[in-house]
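J.:
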Amino acid sequence: GLRSGGGVGDVLRKPSKEEPLFAARVIYDLLFFFMVIIIVLNLIFGVIIDTFADLRSEKQKKEEILKTTCFICGLERDKFDNKTVTFEEHIKEEHNMWHYL
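full-length UniProt numbering numbers the first residue of the sequence shown as 1 and each following residue consecutively.
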């Protein structure tokens with residue numbers, strides 16, 4: 001949980017067992033804890049984790065495209081299977097991306 005609860009229970013005065021609504025106050029505090037602290041924070045953390053997973057998968061797709069296609073002409077690796085020039089030679093000699101800077 002959070003170190004400083006930051007919840008409604010911190011603002012309200014301390015309950016005493018002699019109060020007629022003591023049980024209602026305990027139930028209210030527990031419901032607030034479960035609803036806000038546990039459920040809402042887990043939803044927020046889930047969205048954050050899901051966003052990072054999406055970013056990671058996009059990065060992997062981009063890396064895969066860079067490994068399998070020529071950055072300059074867009075030809076894919078399988079187009080070079082039966083040619084005299086291999087894909088590696090093509091991207092290192094003919095279309096070296098650093099020569100275009």
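We put the CB at the ideal spot given by N, CA and C, even for glycine.
#1: Is there contact between the stretch 24-43 and the stretch 51-64, where contact requires at least three CB pairs shorter than 8 angstroms?
#2: Are the stretch 91-99 and the stretch 69-77 in contact at 8 angstroms, needing three or more beta carbon pairs?
#3: Do Glu-76 and Thr-68 have their C-beta atoms within less than 8 angstroms of each other?
#4: Under a Cβ-count criterion, where at least 16 other Cβ atoms within 10 Å of its own Cβ denotes burial, should Ile-91 be classed as buried or exposed?
#5: Could you name the residues that DSSP lists as bridge partners for Glu-76?
T.: According to the structure data:
#1: Put simply, the stretch 24-43 does not touch the stretch 51-64. Fewer than three CB pairs are less than 8 angstroms apart.
#2: Here the stretch 91-99 lies against the stretch 69-77, with 3 or more beta-carbon pairs under 8 angstroms apart.
#3: Contact: yes.
#4: Looking at its Cβ environment, which holds 16 or more other Cβ atoms inside 10 Å, Ile-91 is buried.
#5: According to DSSP, Glu-76 bridges with Thr-69.
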